[in-house]
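For reference, the structure is listed below as structure tokens.
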Amino acid sequence: MLTSNTMEWSDLVQREGFCELLESMMKSDDGMVGQYYLSLKEIAEKHGVDEKVFVLFFIALCELMGGFQVYFPKKSKLENTIKKHLIYSEFDGKNYADLARKYRISEDVARKYVREVGDTMKTLRNDVAPLISKNR
Numbered sequence: 176m177l178t179s180n181t182m183e184w185s186d187l188v189q190r191e192g193f194c195e196l197l198e199s200m201m202k203s204d205d206g207m208v209g210q211y212y213l214s215l216k217e218i219a220e221k222h223g224v225d226e227k228v229f230v231l232f233f234i235a236l237c238e239l240m241g242g243f244q245v246y247f248p249k250k251s252k253l254e255n256t257i258k259k260h261l262i263y264s265e266f267d268g269k270n271y272a273d274l275a276r277k278y279r280i281s282e283d284v285a286r287k288y289v290r291e292v293g294d295t296m297k298t299l300r301n302d303v304a305p306l307i308s309k310n311r
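The following block contains the structure:
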């Protein structure tokens, strides 16, 4: 909520010049927020995301994460994590060699990834899921 009045962010972004004003403010911000805004806006534009939708997304991100220090993994770390989960999801109990070829890794690494993700999933099922269901 923007204020205690009835004005909502979705109303504000519809006002002429608001998106331009916000971008100008972000460009003059010498901190990380300005850099994040401009980088994310560039990506959104490349993918055809409407400017007003992007602004609402960015505001929602600020509302959600504002004040928190957040760790973002490097792209290579994120890609590796995704690869591990893809390998785990495609594992049928015996296709280590096929997965190793497909993902250009050794069979030992394929086994390691399946074991690591399997252990993580087991921990989530056994330790985390009961905690979540208790709090509902």
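First residue of the sequence shown: 176, per the working numbering; consecutive thereafter. Where a beta carbon is used, it is the ideal one built from N, C-alpha and C, also for glycine.
- Task: Round the Cβ separation of residue 266 and residue 274 to the nearest angstrom and send it over; I've been treating them as touching at under 8 angstroms.
- Result: 7 angstroms
- Output the residue ranges of the alpha helix (DSSP H) runs that lie fully inside the stretch 232-273 and measure 4 residues or longer, sorted by chain position. 250-265
- Excluding the 5 residues preceding and the 5 following residue 231 in the sequence, name in chain order all residues of the same chain whose CB lies nearer than 8 angstroms to its CB. 184, 185, 188
- The alpha helix (DSSP H) with residue 210 in it runs from where to where? 207-221
- Task: Look at the alpha carbon of residue 264 and the alpha carbon of residue 251, and state the distance between them as a whole number of angstroms.
- Result: 20 angstroms
- Pairwise C-alpha distance: residue 224 and residue 237: 18 angstroms
- Query: For the alpha helix (DSSP H) that contains residue 312, what are its first and last residues?
  - Reply: Beyond the ends of the chain as shown, which are 176 and 311, falls residue 312; an answer cannot be given.
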